[in-house]
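Just so you know, the protein sequences line up as chains P and A, in that order.
Per numbering that gives the first Met the number 0, residue 0 is the first one in the first sequence, and the count goes up by one each step.
Per numbering that gives the first Met the number 0, residue 0 is the first one in the second sequence, and the count goes up by one each step.
Note that the Cβ used here is the ideal one computed from N, Cα and C, for glycine as well.
Predicted model only: the values in this text are computed from it and were never measured.
Reading through the structure tokens given below for one structure.
2 protein chains.
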Amino acid sequence: METSSRLIEPEGSEEIPEKSEQRGARAEKSWQILRAAAKVFARSGYFNSKVSDVAREAGVADGTVYLYFKSKDDLLMSIFTTAMDDFIRRARAELASLSDPLQQLRRFAHLHFESLERDRDMAIVFQIELRQSTKFMEQFSSSQLAEYFQIIREIIETGQQTGLFRTQLSSRLVAKFLFGALDEMATNWVISHGNYPLTTMVDPVMDIFFNGVGTRHVTV
Amino acid sequence: METSSRLIEPEGSEEIPEKSEQRGARAEKSWQILRAAAKVFARSGYFNSKVSDVAREAGVADGTVYLYFKSKDDLLMSIFTTAMDDFIRRARAELASLSDPLQQLRRFAHLHFESLERDRDMAIVFQIELRQSTKFMEQFSSSQLAEYFQIIREIIETGQQTGLFRTQLSSRLVAKFLFGALDEMATNWVISHGNYPLTTMVDPVMDIFFNGVGTRHVTV
């Protein structure tokens with residue numbers, strides 16, 4: 000239970016309403032520009048896109064984009080950080096209502112897939128456009144992606160303490176393993192123009208994963 | 000046993016020596032240019048690189064590069080196809096000497112990691128530079144990558160027939176799952192400037208994987 004609460008409310012954080020009055024109009028406009036950027040990057044590819052294309056898609060002047068974002072790089076990074084912040088907040092909130100590590104991991108995987116499934120532009124940006132440079136990849140891995148992994152690790156470690164998961168496995172490795180499997184399903188769904196809901200892959204993936212890390216056979 | 004031989008020699012194919020007289024000087028020069036291209040792309044990123052940078056790195060005139068490759072895109076695609084052809088040939092040859100699906104999959108994973116580990120430039124190109132566009136990703140998935148998946152599927156299906164792996168799992172899904180896990184370890188190794196041999200990750204990954212797909216507990 001203690002681990003569960005740690006999962007939800009890291010020290011010093013408070014629950015922030017998704018669209019509070021404080022964030023207000025500025026956050027709204029900023030998000031509108033990022034949505035437009037995701038659409039443009041998904042359609043034309045990051046390298047072929049210009050900030051002016053993003054402005055046109057967002058229905059604002061070029062100068063307005065620069066009031067919010069320093070550069071095209073900043074737009075791409077901000078899509079990542081904003082969407083990940085949102086995902087991490089949602090995940091911590093939803094996991095708080097569950098205590099079983101199996102249920103928590105399944106919910107986490109479902110949230111991961113659901114967030115890509117509901118926004119194809121964002122999915123293309125996340126699975127492809129964000130992966131194109133060593134520089135970006137290095138920045139991501141020391142950012143919110145570290146928190147994504149941390150959530151999985153905490154659940155795995157709780158499961159190890161309660162005898163559900165094998166204790167000889169490194170939670171760090173297990174987290175990467177799970178991310179790799181989920182990420183490949185997501186990329187495949189994007190590239191194959193998947194005409195199936197990505198979330199249908201949660202159960203088959205978690206079946207293999209749970210049996211892989213579990214101390215006994217798990218029927219999904 | 001029949002499945003094993005099918006794995007090694009697909010119909011109509013013959014064993015081709017890695018550097019036969021016939022391939023000779025042209026293949027040698029072509030490979031020299033691709034190695035240089037991998038070095039340049041790994042160092043500067045694909046989008047920031049020019050064909051003239053590749054020519055300089057290879058110690059040839061710009062025109063010489065164009066005798067072998069149509070464009071910068073062609074260089075990137077050719078790095079992929081040449082390295083994958085080599086990998087697939089090596090994998091089929093090595094798997095031929097093994098009959099146990101567990102040993103075959105472990106060897107396959109080892110070959111995958113080893114081929115990245117021995118050439119860091121190539122690893123950066125494979126894990127990052129090749130992933131940057133939907134166009135490339137779509138081309139790859141219908142090319143030698145399909146054969147990579149096919150090798151895993153054949154081994155999985157043999158293992159299912161002999162009662163080693165759970166029959167209710169789709170071999171297609173299992174192949175993607177394994178690739179995802181291996182690929183994430185490889186990307187992580189590249190991004191973290193891994194000062195550990197990537198091949199040390201084979202055993203821990205295959206431990207989780209074998210238990211995930213196996214009908215009984217496997218000790219690695």
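Per-residue contacts from residue i into chain A (C-beta, under 9 Å)
| i | result |
| --- | --- |
| P/M184 | L172, K175, F176 and G179 |
Same chain, Cβ closer than 6 Å to residue i, neighbours up to 5 away in sequence not counted
| i | result |
| --- | --- |
| A/S48 | V39 and F40 |
| P/E146 | I87 |
| A/H111 | L181 |
| P/G211 | none |
| A/M83 | Q143 |
| P/Y195 | none |
| P/S12 | At P/S12 the pLDDT is 40, less than 50, meaning the model places this residue with poor confidence and gives no usable figure here. |
| P/K71 | V50 |
| A/D185 | The sequence given here places Ala at residue 185 of chain A; Asp does not occur at that position. L115 and Q126, listed in sequence order. |
| A/R25 | none |
Contact set for residue i: own chain, Cβ-Cβ below 7 Å, skip 5 residues either direction
| i | result |
| --- | --- |
| P/A108 | L181, V201, V204 and M205 |
| A/Q131 | Y45 |
| A/L168 | V212 |
| P/A36 | V53, L74 and I78 |
| P/L97 | Q103 and R106 |
| A/A90 | F107, L110 and I150 |
| A/D118 | none |
Nonlocal neighbours in the same chain, by C-beta distance under 8 Å from residue i, ignoring five residues either side
| i | result |
| --- | --- |
| P/G213 | L163, F164 and R165 |
| A/L177 | L104, A108, I151 and F208 |
| P/Y268 | Since the first residue of chain P shown is 0 and the last is 219, residue 268 of chain P is not available in this structure. |
| A/P100 | I154, I155, T157, G158, T161, L163 and F164 |
| A/M76 | F135 and Q138 |
| P/V173 | I151, R152, I155, F164 and V212 |
| P/S43 | D52 |
| P/F148 | R171, A174, K175 and F178 |
| P/V217 | L101, D206, F209 and N210 |
| A/M0 | Only weak support exists for where A/M0 lies, its pLDDT of 35 falling under 50; the coordinates are left without a value. |
| P/K69 | none |
Partner residues on chain A for residue i, Cβ-Cβ distance less than 7 Å
| i | result |
| --- | --- |
| P/I151 | The premise fails here: P/I151 is roughly 12 Å from chain A at the closest Cβ pair, so nothing lies under 7 Å. |
| P/F46 | F46 |
Assumed close pair residue i, residue j - CB separation to whole angstroms, cut-off 8 Å
| i | j | result |
| --- | --- | --- |
| A/E183 | P/K175 | 5 Å |
| P/E93 | P/T198 | That belief does not hold up - the Cβ atoms of P/E93 and P/T198 are roughly 14 Å apart, past 8 Å. |
| P/W30 | P/T63 | Rounded, the Cβ-Cβ distance is 14 Å, inconsistent with contact. |
| P/M121 | P/L129 | The Cβ separation is near 10 Å, so there is no contact. |
| P/I32 | P/A57 | 5 Å |
| A/G179 | P/G179 | 4 Å |
Cross-chain neighbours of residue i in chain P, by beta carbon under 8 Å
| i | result |
| --- | --- |
| A/F68 | Residues of chain P passing the Cβ test: none, with the nearest at roughly 20 Å. |
9 Å Cβ cut-off: residues of chain P touching residue i
| i | result |
| --- | --- |
| A/L168 | P203, D206 and I207 |
Residue i CB to nearest heavy atom of the ligand ZN below 6 Å
| i | result |
| --- | --- |
| A/V173 | Although the ligand ZN was asked about, the structure shown includes no ligands whatsoever. |
Subject >> Segment contact, 8 Å Cβ cut-off, at least three pairs: the region 125-132 of chain P with the region 182-192 of chain P >> reply: yes
Original post:
the region 183-212 of chain P: which residues have C-beta closer than 7 Å to a C-beta of chain A, in chain order?
Top reply: E183, M184, N187, I190, P203, V204, I207, F208, N210, G211 and V212
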